[in-house]
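In order, the protein sequences belong to chains L and A. Mapping of the first sequence onto our numbering: position 401 corresponds to residue 401, and the numbering continues sequentially without gaps. Mapping of the second sequence onto our numbering: position 227 corresponds to residue 1227, and the numbering continues sequentially without gaps. Every residue, glycine too, gets a C-beta built ideally from N, C-alpha and C. These numbers come from a predicted model, not from an experiment. First comes the structure, then the notes that go with it.
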Amino acid sequence: MSQTVTVSPLTRIEGHLAVHTETEPFQSGSAERHRVKSARCEGEMYRGFEQILRGRDPMDAQQITQRICGVCPISHGIASVRAQEMAYGIRPGRNGRLLQNLILAANYLHSHILHFYHLAGLDFVDVTAILKYSGADRALKAVKSWVEEALNRKDLFAAAPLLPRYEGEYLTDVDTNIAVIAHYAEALELRKICDEMGAIFGARLPHSTALIPGGVTQVPTAERVLSYAGRLQKVRSFIDEVYIPDVVTVAQAFPSYFDVGRAAGNFLCYGVFETNDGGEKLIPPGVVIDGKWETLDPEQIAEDVGCSRYASGAPRHPKQGETKPEPQRSGAYSWLKAPRYKENPMEVGALARVVAGYLKPGESWIKREVDAFLQPLNLPVERLFSVLGRHAARALEARWVAREAQKWLDEIEIDGPATTPFELPKTGSGHGLTEAPRGALGHWISIDEYRISNYQCVVPTTWNCSPRDSRGRPGPVETALEGLEIKDATQPIEIGRVVRSFDPCIACAVH
Amino acid sequence: MIPCSRREFLRAGTLLAAGLGLSQGVASVFAQGLQRLFERQKRVLWLQGLSCSGCSVSFLNCNEPGPLDILTRMISLVFHPNISATQGAQAIETIQKLVSEGGYYLVFEGAVAPGMPEACLLGGRPLNDLLVDVLQRADAVVAAGSCAAFGGIPAGEGNATGAVGLAEFMRSKNIPTEKRLLNCPGCPVHPDSLVGTLAYVAGKGYPSVNPELLTPDMMYKHSVHDDCPRFHYWQKNAFAEQFGDEGCLFKLGCLGPLSHTNCPQRQWNGGVNWCIRAGAPCIACTSPDFVKRRAFPFYRKGEAYHAVAYQEKDRKGDKS
């Protein structure tokens, strides 16, 4: 019998998301399984940043928009200062650019580590394996006795928040499980260190107050550069020796997830990390439609509200975008708008950055790196368009960003200025296109009478978790769920694995 | 085997108090509280309304106790939307089981939208419906961050949701706030202030608070201006004119006099930095007025062009 299988709320992501799937039954040996025919992603929380920004001092924007997301505030800050810089007619100088890159790099590293271990990891690792731990590590022994004691006295919420969970197929090897649990713990410290790195140049994390149009408020001293560098070394070792090997371990234990979770195969990347004063980017911009690379044209972006909780209207470019909430609009099922590029739903994120960089014509260092990673695993690049491919793309990217951060540190002019003077214009407009850890992020600002007259954000998860558009085309996550096989409809662990591979952030997506 | 010794609580309580610049007496209360939380005398439920998860990320930046202890042994965290393994209907059941048991501490992150219930759903239902019960049956409620405390950004002028903080929501639903609700503002909340507040309530009960703002005095009594390391510049009228300059940040827009919090003492991210030290004007993120009015910008850059709606006298710190 066809059946609706729902995960509401879908936890271990940022924000409020419900996923509904329509499934049909099929026989697998003697067991009845369910296959997803269609899916709906419902973004369930709305704040209205775009209305709140109207009429404000333009410089408030990089502070207010960072609060769109507590996980990737720096990306919003960067998008906002880029949009303002365009409107003010300035660019950051060398130190300003390098320090902004370094703060953003720290935010990337925190986000990717957090995502793999603390958000997605519990879909794969069996935390109950800790009960079989017989080693001498104090932290692991403490966690073991904590779980054991709670289970023994039949505590109602034993081992919460790590239990309860959907039961299903987890990693089976005890030693592997225990190793990954130990890394879960270690990663908690590592992501904290990443936030410290961001704070060293950005004042504090989350929500950096030091980020301003044209640079940062603090001159880089030798002591600050060193304290960032020391922490970066720790993070780099963790990425190379722990994070990437763990992704490979999970991939080897769940190889079928290289074939699960493929979206429509269109990718969008705005590029990120300016590497010179000309605005060239470490990760280059690019668009991939039907497997073909093309140059990014930001004019091709439009937001559709066909199934979104906003007053209806034709799709609009964000420059002319509007946000008129209509919470009870009939037929609408999500607070997310549906952004489209040349009318196509587009996947964004680390995988999109990797694919766009890989397929870009000409010499590509990304292609070299990806091929070197895939070759020993004997995988063709197409299999990266999957749940495991997204995890692998993030892990590889973490390695690259950490490596480049070391170079940016070396380029800093110690005690040199990190700001660029500017005047606020009476009128102006601009856009800031960058990449958040979760994907392509754009802010569009218009200024009139020294105030913000319009502000629009098109955010990574707006692309990935978008609902259907007025033409009925599902968003990338909705497409990725189609065809998914679910073993137990009461504990659909598979849905979470697919959705989390996109690293959704609903606070971002709706804003 | 005893999974956590008395010495571990003393150590964590002492370091937590030291980080906050508090006394040995408070350290013992923290230690006592952490032990009670560990023993599950009080469990903790974490829910999110109109939020960005920044306070959750900040919570994971805690130093003493560290994030692993916070998530496992030292605070019996029954449910957290970003961290919990559980999901879907099972998550809702977990929450409901705890609520029917009662007597827990609720940590709430984000604002509430009484004017637009659809603006925040949990398990397909308006969060507001569930929240009334959750608030009523809690022993103590900690509003984590400025959104939960005072409405924060979602309550900024021009918003369409009618967002408010918990205090206003609770009063509108006739849920008692007295000796129950504690506001820990900040955008985000500082992890030590949050963990310290939970530990104190568990160790000794409701702390002394600002009667209007319900903020614990031990963390929120003094303004940033009172204890500012650049205070001497202000006394000498030596002002920074451009970002990156030495001097008092007042002329760049610093709102330190309006922000009551302990940033100058414990700083941020393990003490590596904080706004004023980085030359970044304080944006008064702990103030009940944070982001509330359009005409009250964070910076004074554009002041030459448009009137700013604050008076010089508001800028002066009040030491009382």
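- With a cutoff of 8 Å on beta-carbon distance, Thr-11(L) and Thr-217(L) are scored as not near each other.
- Burial state of Arg-1171(A) is exposed, judged by a 10 Å Cβ sphere holding fewer than 16 other Cβ atoms.
- Within its own chain, the residues whose Cβ lies closer than 6 Å to the Cβ of Trp-1234(A), once the five positions on either side in sequence are excluded, are Cys-1248, listed in chain order.
- At a cut-off of 8 Å between C-beta atoms, Leu-374(L) does not count as an interface residue with respect to chain A.
- Remark: three or more beta-carbon pairs, one from each stretch, lie closer than 8 Å, so the segment 369 to 385 of chain L and the segment 342 to 361 of chain L are flagged as touching.
- For Val-36(L), the beta-bridge partners assigned by DSSP are Thr-23(L).
- With a threshold of 8 Å between beta carbons, Trp-1268(A) makes contact with chain L.
- Each of Glu-1168(A), Ser-1058(A), Val-1164(A), Leu-1194(A) was checked against the Cα of Leu-114(L), and the nearest Cα belongs to Ser-1058(A).
- Straight-line spacing of the CA atoms in Asp-297(L) and Leu-190(L) works out to 38 Å.
- Taking CB atoms only, Ala-302(L) has no neighbour in chain A less than 8 Å away.
- For Glu-14(L), the three-state secondary structure derived from DSSP is strand.
- Under DSSP, Pro-339(L) forms a beta bridge with Glu-303(L).
- Under DSSP, Val-1164(A) shares a beta bridge with Val-1112(A).
- Between Tyr-243(L) and the set Gly-15(L), Gln-51(L), Arg-438(L), Glu-186(L), the nearest pair of CA atoms involves Glu-186(L).
- The DSSP assignment places 1127 to 1136, 1146 to 1150 as complete runs of the alpha helix (DSSP H) inside the segment 1121 to 1162 of chain A, in order along the chain (cut-off: 4 residues).
- Within the same chain, Cβ atoms closer than 7 Å to the Cβ of Ile-445(L) are found at Pro-58, Ala-61, Ala-83, Gln-84, Ala-87, Ser-429, Gly-430, Ile-452, Tyr-455, the five residues on either side in sequence being excluded.
- Look at the segment 144 to 165 of chain L: the residues with a C-beta under 9 Å from a C-beta of chain A are Lys-144, Ser-145, Trp-146, Val-147, Glu-148, Glu-149, Ala-150, Asp-155, Leu-156, Phe-157, Ala-159, Ala-160, Pro-161, Leu-162, Leu-163, Pro-164, Arg-165.
- The C-beta of Phe-385(L) has 16 or more other C-beta atoms within 10 Å across all chains shown, which makes the residue buried.
- Taking a cut-off of 8 Å for Cβ pairs, the segment 141 to 150 of chain L and the segment 34 to 46 of chain L do not touch, as fewer than three such pairs fall below it.
- Ranked by Cα distance from His-1190(A), the options Glu-1101(A), Asp-1069(A), Gln-1267(A), His-1080(A) are led by Gln-1267(A).
- Nearest in C-alpha terms to Cys-465(L), of all of Val-7(L), Arg-40(L), Met-1(L), is Arg-40(L).
- With respect to Cys-194(L), His-110(L) sits close: the two C-beta atoms are nearer than 8 Å.
- In the three-state scheme derived from DSSP, where H, G and I count as helix and E and B as strand, Leu-1071(A) is classed as helix.
- Counting only runs of 4 or more residues that sit fully inside the segment 158 to 235 of chain L, the alpha helix (DSSP H) segments are 174 to 202, in chain order.
- Assigned with DSSP and collapsed to three states, Gly-1196(A) falls in helix.
- Not flagged as an interface residue toward chain A: Cys-465(L), since no C-beta distance is shorter than 8 Å.
- Your pair Ile-200(L) and Arg-224(L) checks out as a contact, with CB atoms roughly 5 Å apart and the cut at 8 Å.
- For Ser-446(L), the enclosing beta strand (DSSP E) stretches over residues 439 to 448.
- For Pro-421(L), the nearest CB of chain A lies under 8 Å from its own CB, placing it at the interface with that chain.
- Chain A places a beta carbon closer than 8 Å to that of Ala-507(L), counting this residue as a contact.
- Take the alpha-carbon of Lys-154(L) and the one of Leu-1010(A): they are about 28 Å apart.
- Closer than 8 Å to the CB of Tyr-1299(A) there is at least one CB belonging to chain L.
- Within 10 angstroms of the beta-carbon of Trp-365(L) lie fewer than 16 other beta-carbons, which makes it exposed.
- Residues are counted here when their Cβ sits less than 8 Å from a Cβ of chain A; for the segment 170 to 195 of chain L these are Ala-185, Leu-188, Glu-189, Arg-191, Lys-192, Asp-195, given in chain order.
- Take Ala-210(L), set aside five residues on each side of it, and the residues of its chain with a beta-carbon closer than 6 Å to its own are Gly-202, Ala-203, Val-216, Thr-217, Gln-218, in chain order.
- Remark: C-beta atoms of Lys-1292(A) and His-1260(A) do not approach each other more closely than 8 Å.
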